[in-house]
């Protein structure tokens with residue numbers, strides 16, 4: 001793939017071995033993160049346009065159609081380093 005290509009990607013994202021997001025319904029159900037209001041299918045992106053996490057976008061040019069690849073993304077190219085100032089506890093309500 002090259003910058004500017006319009007493609008659809010399927011992914012499963014995990015942190016420390018725990019799945020946090022996926023485009024695969026069966027994986028979402030298996031991992032206990034299924035959301036009945038979400039549509040599970042490949043997502044369209046334009047390679048190199050910043051439509052997804054920087055680390056995925058950077059790696060997209062090296063991906064091949066119909067090939068699976070594992071990408072390790074450092075926090076700076078993902079959601080950023082954990083910052084306690086941005087974490088707050090919110091009480092659960094019925």
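Numbering (the working numbering), first residue to last: 1 to 94.
We put the CB at the ideal spot given by N, CA and C, even for glycine.
Computed from a predicted structure; not experimentally measured.
Task: Cβ contact (3+ pairs, closer than 8 Å) linking the stretch 7 to 25 and the stretch 38 to 51 - done: Touching, yes.
Task: Span of the beta strand (DSSP E), counted from its first residue to its last, around residue 8 - done: For residue 8, the enclosing beta strand (DSSP E) begins and ends at 6 to 9.
Task: Distance cut-off 8 Å: residue 13 Cβ against heavy atoms of the ligand ZN - done: Inclusion of the ligand ZN in the displayed structure is not the case, the ligand content being empty and no account of it being possible.
- [ ] Would you mind sorting residue 84 into buried or exposed? The rule is 16 or more other CB atoms within 10 Å of its CB.
- [x] By the 10 Å Cβ count, residue 84 comes out exposed.
TODO: Take every Cβ of the stretch 69 to 85, pair it with every Cβ of the stretch 45 to 61, and state whether three or more of those distances are shorter than 8 Å.
DONE: Enough Cβ pairs lie closer than 8 Å, so yes.
- [ ] Return helix, strand or coil for residue 24, following the three-state DSSP convention.
- [x] In this structure, residue 24 counts as coil in the three-state DSSP scheme.
- [ ] Please state whether DSSP places residue 56 in a helix, a strand or coil.
- [x] Note: residue 56 maps to helix in three-state DSSP.
- [ ] Using the Cα positions of residue 29 and residue 69, report the straight-line distance between them to the nearest angstrom.
- [x] Approximately 22 Å, taken between the alpha carbons.
- [ ] Using the Cα positions of residue 6 and residue 13, report the straight-line distance between them to the nearest angstrom.
- [x] Taking the straight line joining both Cα atoms gives about 21 Å.
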